[in-house]
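Student:
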Amino acid sequence: MLWNPVFSCFAFYSTLLILKMYILAIITGQLRLRKKAFVNPEDAARHGGDRFCRNDPDVERCRRAHLNDMENIFPFLFLGSIYSFTEPSLVAARGHFLIFFVARIVHSVAYLLALKAPTRSLAYTIAQLPCISMVIQILVAMASYA
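The numbers in full-length UniProt numbering rise by one with no breaks, and the one at position 4 of the sequence shown is 4.
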C-alpha cells in the first residue's frame with residue numbers, strides 16, 4: 001500500500017494526528033499529577049488521599065480536547081484510508097489531509113489555551129470540510145458497485 005503516494009501521504013498525516021492524540025493524553029496525565037486531581041480512588045490514595053479524588057477544570061478541559069480528537073480523528077482515519085483508494089490526485093488528497101491536520105492542531109491549541117471564540121468552533125468546522133468532501137467522493141466512486 002505504501003507504493004500508493006496518496007495512501008503514503010495519508011499515512012504520514014494520520015501518524016502525526018495519532019501522535020498529537022498521545023501528546024494530549026500525556027498532557028492530561030501530567031495535569032492530573034500537578035493538580036492532584038484523580039478520578040480513581042486508588043490513584044488519589046497513592047498521591048495523597050481521598051481528598052484528591054476530584055475533578056479539576058484544567059484537567060477536564062484537556063480531557064475534553066482529547067475526547068473531541070477521538071470523535072473526529074477516528075472517522076478521518078477511516079474516511080482517509082478509503083478515499084486514498086478512490087484514485088484522487090495527490091495534490092487534492094494532500095490538501096484534504098493537510099487542511100484536516102492543521103485545523104485539528106488549531107482546535108487543540110484553542111481548547112487547551114481557552115482561546116477566544118469562535119477560534120475553536122471555526123477550526124472544528126474547517127476540519128469537517130475535507131471529511132465531507134471525502135465522504136462525497138467515496139460515495140460517488142462506490143455508487144457504481146452498490
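Glycine included, each C-beta is placed from N, C-alpha and C at the ideal position.
Would you say the beta carbon of Gln30 comes nearer than 7 Å to a heavy atom of the ligand SAH?
Tutor: By its list of ligands, the structure shown contains no ligand whatsoever, and the ligand SAH lies outside what it can speak to.
Student: Could you check whether the region 122-134 touches the region 94-111, counting it as contact only if at least three pairs of C-beta atoms, one from each stretch, sit closer than 8 Å?
Tutor: yes
Student: Out of Ser8, Asp50, Cys131 and Leu112, point me to the one whose CA is closest to Met21's CA.
Tutor: Leu112
Student: Expressed to the nearest angstrom, what Euclidean distance is found between the alpha-carbon atoms of Ala143 and Met70?
Tutor: Spanning the two alpha carbons is a distance of roughly 29 Å.
Student: Using a threshold of 8 Å, state whether the C-beta atoms of Pro41 and Asp50 are closer than that.
Tutor: In this structure, Pro41 lies near Asp50, with their beta-carbon atoms less than 8 Å apart.
Student: Along the chain, where does the alpha helix (DSSP H) that runs through Phe97 open and close?
Tutor: Leu90 to Leu112
Student: So what does Phe38 bridge to, in DSSP terms?
Tutor: Cys53
Student: At the level of alpha carbons, what is the spacing between Phe85 and Ala65?
Tutor: 30 Å
Student: How is Ala146 classed by DSSP in three states: helix, strand or coil?
Tutor: coil
Student: Given that a residue counts as buried once 16 or more other Cβ atoms are within 10 Å of its Cβ, and exposed if not, what is Thr15?
Tutor: Around the beta carbon of Thr15, a 10 Å sphere encloses fewer than 16 other beta carbons of the protein chains shown; the residue is thus reported as exposed.
Student: Please return the same chain residues whose Cβ sits closer than 8 Å to the Cβ of Ile99, not counting the five positions on each side in sequence.
Tutor: Ile126, Ala127, Leu129 and Pro130
Student: Within a Cβ cutoff of 7 Å, which residues of the same chain sit near Met134, ignoring the five residues on either side of it in sequence?
Tutor: Leu79, Gly80, Tyr83 and His96
Student: Within 10 angstroms of its Cβ, does Ala44 collect 16 or more other Cβ (buried), or is it exposed?
Tutor: Buried, because 16 or more other Cβ atoms sit within 10 Å of the Cβ of Ala44.
Student: Is Phe74 buried or exposed, if buried means 16 or more other CB atoms sit within 10 Å of its CB?
Tutor: exposed
Student: Since His47 and Lys35 should fall inside the 8 Å C-beta cutoff, what is the C-beta to C-beta distance between them, to a whole number of angstroms?
Tutor: With 8 Å as the limit, His47 and Lys35 do not qualify as a contact, their Cβ atoms being about 11 Å apart.
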